[in-house]
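Novice: Handing you this structure, nothing more for now.
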Amino acid sequence: MFLSEDIMRYSEIKKALGNVTHKMLSNKLKESEADALIIRHEYPGVPPKVEYYLSEKGKSLMPVLQSICLWGHEHFPETLSGKG
366 MFLSEDIMRY SEIKKALGNV THKMLSNKLK ESEADALIIR HEYPGVPPKV
416 EYYLSEKGKS LMPVLQSICL WGHEHFPETL SGKG
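Throughout the sequence shown, residue numbering follows the working numbering, covering 366 to 449 in sequence.
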């Protein structure tokens with residue numbers, strides 16, 4: 366979803382994730398912000414414009430997550446293809 370340099374709005378994140386509830390996404394974004402993995406920037410206006418992007422700490426986690434994804438693709442390909 367997030368690439369190291371992406372800036373995304375809430376609706377873009379929700380669309381990229383697919384089937385996720387508003388409550389779940391809101392909670393996870395708040396948790397990620399509290400953990401300093403993402404930065405939330407709110408611009409004044411009605412309605413306010415809010416953007417999210419990875420912090421340096423979040424960017425440093427990307428290689429770890431990519432390795433985990435690669436491992437999953439190698440060891441559980443049937444689950445990823447919907448056959449498991």
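Each residue gets a CB set at the ideal place from its N, CA and C atoms; glycine is no exception.
Here the structure is a predicted model, which is why all the values come from computation and not from measurement.
Assess, as a yes-or-no matter, whether the stretch 397 to 406 is touched by the stretch 416 to 423 under the definition of 3 or more beta carbon pairs within less than 8 Å.
Specialist: yes
Novice: Please report the distance separating the alpha-carbon of M427 from that of E443.
Specialist: Going by the C-alpha atoms only, they are around 24 Å apart.
Novice: With DSSP run on the structure shown, which of helix, strand or coil describes L402?
Specialist: coil
Novice: In the DSSP output, what is K414 paired with across the bridge?
Specialist: Y408
Novice: Name the two residues that bound the continuous alpha helix (DSSP H) containing V429.
Specialist: 421 to 440
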